[in-house]
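Which chain is which? The protein sequence lines are A and B, in order. Taking our numbering, the leading residue of the first sequence gets 4, the next gets one more, and so forth. Taking our numbering, the leading residue of the second sequence gets 18, the next gets one more, and so forth. Yeah, the Cβ is synthetic: ideal placement off N, Cα and C, and Gly gets one too. These numbers were taken from a predicted model, which means no experiment stands behind them. Notes follow the structure.
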Amino acid sequence: MKKSSTPVQEPPGTDAHRPTPPPAWRPRTDPAPLLPDAEPFRVLGTDAAAGADPALLLRLYGELVRGRRYNTQATALTRQGRLAVYPSSTGQEACQIAAALALSERDWLFPSYRDTLALVARGLDPVRALTLLRGDWHSGYDPYEYRVAPLSTPLATQLPHAVGLAHAARLKGDDVVALALVGDGGTSEGDFHEALNFAAVWRAPVVFLVQNNGFAISVPLAKQTAAPSLAHKAVGYGMPGRLVDGNDALAVHTVLGEALARARRGAGPTLVEAVTYRIDAHTNADDASRYRSEAEVEMWRAHDPVLLLERELTGRGLLDRRGVERAAEAAEEMAARLRDRMNAEPALDPADLFGYVYATPTSQLCEQADQLRAELAAEMEAEAEAGLPDAAQPPEAPGRTGPSGGPGVPGGTGGAGAGERP
Amino acid sequence: MTTVAAKPATMAEALRRALRDALREDPSVHVLGEDIGTLGGVFRITDGLAAEFGDDRCTDTPLAEAGILGAAVGMAMYGLRPVVEMQFDAFAYPSFEQLISHVARMRNRTRGAMPLPVTVRVPYGGGIGGVEHHSDSSEAYYMATPGLHVVTPGTVGDAYGLLRAAIASDDPVVFLEPKRLYWSKATWSPEAPEPVEPIGRAVVRRPGTSATLITYGPSVPVCLEAADAARAEGWDLEVVDLRSLVPFDDETVTASVRRTGRAVVVHESTGFGGPGGEIAARVTERCFHHLEAPVLRVAGFDIPYPPPMLERHHLPGVDRVLDAVARLQWETES
C-alpha cells in the first residue's frame, strides 16, 4: 500500500539572515514503498485463501503436524536426559515450515538455535539437527549437504554470514538466495543492524525473517524496541519491510516467496517480521509463569498455526477426519523413530577434541592429545584392576558421528587408548 | 622469471605487493575494509588495488567491523578467500565476537567440513604518535583464542612471505602489522621474494652465544639494535624473531635458549597477561636445567596505552633491553 511522505517543516524563524544554503537535501530513497502494512498479512480464513494450491496447503499441513510432534518429542527428550536443552518452537511451526519450504534446493538457510525444526523440514536428519542440543558435538551436519549453516547460538551473529554468502554468490553470478532467521530479541543486537545495512548497501540477495514470538527469554517486545514494528526497521536501511501473521503458514510462505523472488531478480534484501508466539517456555530450563500469564498463552492457543490450517482445509473439503488421523500417525511414527535413535548412546571419541581445531594440529595440540590418550589409558587400566564389570570396554563407542572425515587423530603415540578400539 | 635487482623497499610496499600478487593469482581472493578502495587505506597498503582489480575485489565497506568480518565469514563459506583490513588495532574490537565465536571455531564446530580461510589484517602497536585507540598491542587477545593463527612480520621480506602464507592458509589468520615498521626499508627484490615458509616457524635473526632475545614484530629492530650495542659490553646476543605467535615454535626457541642458557622476552604488549608470560613459562618448562638465570621480560607497562607525548617512556627500547640482559646473573659465570 502506498503512503505519501510529508515534507519536513521548517522551524519558525530560522530563515532570517541565513546564507545561501547548499543544494537542498533529498531522501535518497522514497520511504513510502518500503513501509510495511499496518496489519500483518493474512491469507487463511480470508477469500484470498481460495486461490491457494491445495497440494501446497496439504504439504504445509502435514509438515506442521509433524513439526508440532517433533517439538513435543524433543521437549520430552530433555526430561529423559537425552537432550541437554531444547528451545522449543511450539507455536512457531508455521514460520519454521514455511521458511524451509519457500527455499529452493540451491538456496542457503541461516538458522539460530530455536530453528532445528526448519532444518528438519529442509530435509536434515533430525538426530544430526539436534547434535548441538544433545551435546555430543557443536554441530552434527555438513553445512554444504543441505546448504544450511550451523545453528548459531550468539544472537544475530549469523545474519552477516548470510549477507556475505549471498554477496559472494551474486559476485559469482550464481542464482542463490540466503534466508536468515532471527528472533525479536536478536533485532536489538548490533549484528542485526550491521547485517541489514551491509545487505542493503550491497543489494545482496538475502531475506531476513524475524520470528517475533513476543519474548526474548523473559523480556517482552515493549522493552526491546520502541519501533512501530520490527518490520519498520527495514525502512532505515532502505529495504522493504513486510509484516505477516507468523501463525498463518500460507501467508508466511507467500511473503517469503515474494521476498526470495525479489532477491533472486537482483532487487535486493527484504526484512520480514512474522508475528507469532512462543507457546512453550524459552527452554526446558525456563519458567514462563514468572513473566507471562496463562490467559495470554490461551489467547494464542486459539490462534494456533496447526488449527488455522486444519480449519481452512476441512472447511474447503480438502481434509477429512481420516486425513487428520493419517497426518497424526505419520507424525507419531517420526517421533517414535526419533525417540529410538536418541535413546541410543551417541558415539564419542575424545581424540576429536584436537582433530578439527586447525587444518593441521599444532605440536602443542598433539602433545595435549597424547596426554589425554595416556590419561584415558590409565583410567581403563585402573578400572580393569578394580574389576569393574565393563572394564574391558573403553569409555566410549567407536567411530565418528560427524558427516565428514576429519584430519584424524593427531599424535598417535599414546598407546592403546580412548580413541583406538582394540 | 626475470630477476630484478634487489633495491630498498618499505614494509608497506611489500604488503601491497603481497596483496596484489594474491589477487592476481587467485580469483577467490577478495580484499575488504574501510577506506581501502579509492583512498588505498589510511596507511595506503591497498593503494591502487581497487583501480586494478575493481570494487568487487577490493571493496570499501560500511564502517562496521563486526559486519565486515561477519560478511567475510559468509564469503568464505561460499568459497571465497577474504582478506579483511581492520583500520587500527583498537578498531578491531567490535569484530571480536565474530572472530572468537565464529571465525576461530567454524572448522571445529563442523568437524572440518567448513574451514574459514579468512585473513584479518590488523595494524598494531605504537611508536607512531597516535592518539588514544591507535597504538594498542592486542596480540594477547588473539593468542588466547584457540582456532586462530596469529602472525606478525618484523622484516620487509617476512611481511611479503607471511602475508602470502596467511592468505593461502585454509585456517583463519590474524595478521598483525607493526605500523611503526610500515616505512622501514630493507633491500628486497619483489620479483624474487624469499621463499614462503609455512606459518609457525620462528627464525634466528641474529646468531649469538651469550643470551637469547625472544621477540617479534615491532620489537625485532629494537632487539637487533640492542644486540649490536651489547657487543661493547662483551655480550653476544642471539635474536629469535618468532614471526608466528600461534602456532608457537617451541623447537626453535627451546634450541636457542638451551644453547645460550639465558633468555629475555621483549614485546610492547603489557607484561601482565601479555605474551611474555606464556613464552617465559614455556621456556622455563623446557629449558630449566639449561638456564643460568630466570627468564626475564621486557614489556610495555601495565597501563592503558599512553598518550603520544609520553609513549617513549612506555615502549621497550634498547636501554631497557640491555638493563634486562645485565640482570641475567652473569656473576655466576666462572
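Length of the line joining the Cα atoms of residue i and residue j
| i | j | result |
| --- | --- | --- |
| A/Leu351 | A/Cys369 | 19 Å |
| B/Thr136 | A/Asp128 | 34 Å |
| A/Pro364 | A/Phe357 | 7 Å |
| A/Val210 | A/Thr190 | 14 Å |
| B/Pro195 | B/Tyr141 | 5 Å |
| B/Gly65 | B/Pro323 | 34 Å |
| A/Leu311 | A/Leu47 | 7 Å |
| A/Ala207 | B/Leu97 | 16 Å |
| B/Gly91 | B/Asp336 | 47 Å |
| B/Val101 | A/Leu182 | 24 Å |
| A/Arg71 | A/Ala385 | 47 Å |
| A/Val309 | B/Ala88 | 36 Å |
| A/Val222 | A/Gly176 | 42 Å |
| B/Gly57 | B/Tyr199 | 14 Å |
| A/Gln367 | B/Leu179 | 21 Å |
| A/Ala77 | A/Leu233 | 30 Å |
| A/Leu104 | A/Ala264 | 14 Å |
| A/Leu63 | A/Ile100 | 7 Å |
| B/Thr27 | B/Asp52 | 21 Å |
| B/Ser286 | A/Glu192 | 31 Å |
| A/Val68 | A/Thr134 | 23 Å |
| B/Glu354 | B/Phe108 | Missing from the structure shown is residue 354 of chain B; chain B here goes from 18 to 351 and no further. |
| A/Ala1 | B/Arg126 | A query on residue 1 of chain A cannot be resolved here, the shown segment of chain A reaching from 4 to 425 and no further. |
Residue burial classification, residue i (beta-carbon count within 10 angstroms, cutoff 16)
| i | result |
| --- | --- |
| B/Pro333 | buried |
| A/Arg245 | buried |
| B/Phe289 | exposed |
| A/Ser292 | exposed |
| A/Trp205 | buried |
| A/Met383 | buried |
| A/Asp110 | buried |
| B/Ser154 | buried |
| B/Ala182 | buried |
| A/Asp194 | buried |
| B/Trp252 | buried |
| A/Asn74 | buried |
| A/Pro30 | exposed |
| A/Phe218 | buried |
| B/Asp73 | exposed |
| A/Trp28 | exposed |
| A/Thr119 | buried |
| B/Gln115 | buried |
| A/Met345 | buried |
| B/Ile6 | Since the first residue shown for chain B is 18 and the last is 351, residue 6 of chain B is missing from the structure and cannot be characterised. |
| A/Gln374 | exposed |
Identity of the residues DSSP links to residue i by a beta bridge
| i | result |
| --- | --- |
| A/Asp248 | A/Val278 |
| A/Ser221 | None; A/Ser221 has no bridge partner. |
| B/Leu193 | B/Val139 |
| B/Ile231 | B/Val257 and B/Val282 |
| B/His166 | B/Val190 |
| B/Leu115 | Inspection of the sequence shows that residue 115 of chain B is occupied by Gln rather than by Leu. Answer is none; B/Gln115 lacks a bridge partner. |
| B/Pro134 | Answer is none; B/Pro134 lacks a bridge partner. |
| A/Val151 | A/Leu112 |
Proximity test, Cβ basis, 9 Å: residue i and chain D
| i | result |
| --- | --- |
| B/Asp73 | Given the protein chain composition of this structure (A and B), no chain D is represented. |
Output, in sequence order along the chain, the residues in the segment 258-282 of chain B whose CB is closer than 8 Å to any CB in chain A. Residues Val263, Pro264, Phe265, Asp267 and Glu268.
What residues in the segment 141-174 of chain B bring their beta carbon closer than 7 Å to a beta carbon of chain A? Pro163 and Gly164
Interface residues of the segment 291-316 of chain B facing chain A [CB-CB below 7 Å]: Taking 7 Å as the Cβ-Cβ cut-off against chain A, none of the residues of the segment 291-316 of chain B qualify.
Could you list the residues in the segment 180-198 of chain B with a C-beta less than 7 Å from some C-beta on chain A, going in chain order? Cβ proximity to chain A below 7 Å picks out Asp187 and Asp188 from the segment 180-198 of chain B.
Evaluate the contact criterion for the segment 159-176 of chain B versus the segment 118-134 of chain B: three or more CB pairs, one atom per stretch, below 8 Å. yes
Given a limit of 9 Å on CB to CB distance, which residues of the segment 170-193 of chain A reach chain B? Listed by position, the residues of the segment 170-193 of chain A near chain B (Cβ gap below 9 Å) are His170, Ala171, Ala172, Leu174, Lys175, Asp177, Val179, Ala181 and Gly193.
Would you call the segment 242-257 of chain B in contact with the segment 214-223 of chain B, where contact means no fewer than 3 C-beta pairs closer than 8 Å? yes
Are the segment 127-135 of chain B and the segment 68-81 of chain B touching by the rule of at least three beta carbon pairs closer than 8 Å? no
Contact residues within the segment 53-68 of chain B, judged by C-beta distance below 8 Å to chain A: Listed by position, the residues of the segment 53-68 of chain B near chain A (Cβ gap below 8 Å) amount to none.
Cβ contact (3+ pairs, closer than 8 Å) linking the segment 247-266 of chain A and the segment 77-91 of chain A: They do not touch, by the three-pair rule.
Mind listing which residues of the segment 89-114 of chain B have their C-beta closer than 9 Å to chain A's C-betas, in chain order? Answer in chain order: Ala89, Val90, Gly91, Met92, Ala93, Met94, Tyr95, Gly96, Leu97, Pro99, Pro111 and Glu114.
Below 8 Å between beta carbons is the criterion; list the residues of the segment 348-363 of chain A that meet it against any residue of chain B, in chain order. Asp355, Gly358, Tyr359, Val360, Tyr361 and Ala362
Cβ-based contacts, 8 Å cut-off: residues of the segment 128-139 of chain B near chain A: Arg128, Gly129, Ala130, Met131 and Pro132
Beta carbons nearer than 8 Å to chain A: which residues of the segment 320-334 of chain B have them? none
Please list the residues of the segment 118-141 of chain A that have a C-beta atom closer than 8 Å to any C-beta atom in chain B, keeping them in chain order. Trp140 and His141
Stretch pair the segment 157-165 of chain A + the segment 133-149 of chain A: three plus CB contacts closer than 8 Å: no
Members of the segment 233-250 of chain B near chain A, C-beta cut-off 9 Å: none
Is it a yes or a no for the segment 140-157 of chain A touching the segment 40-51 of chain B, going by three-plus beta-carbon pairs under 8 Å? no
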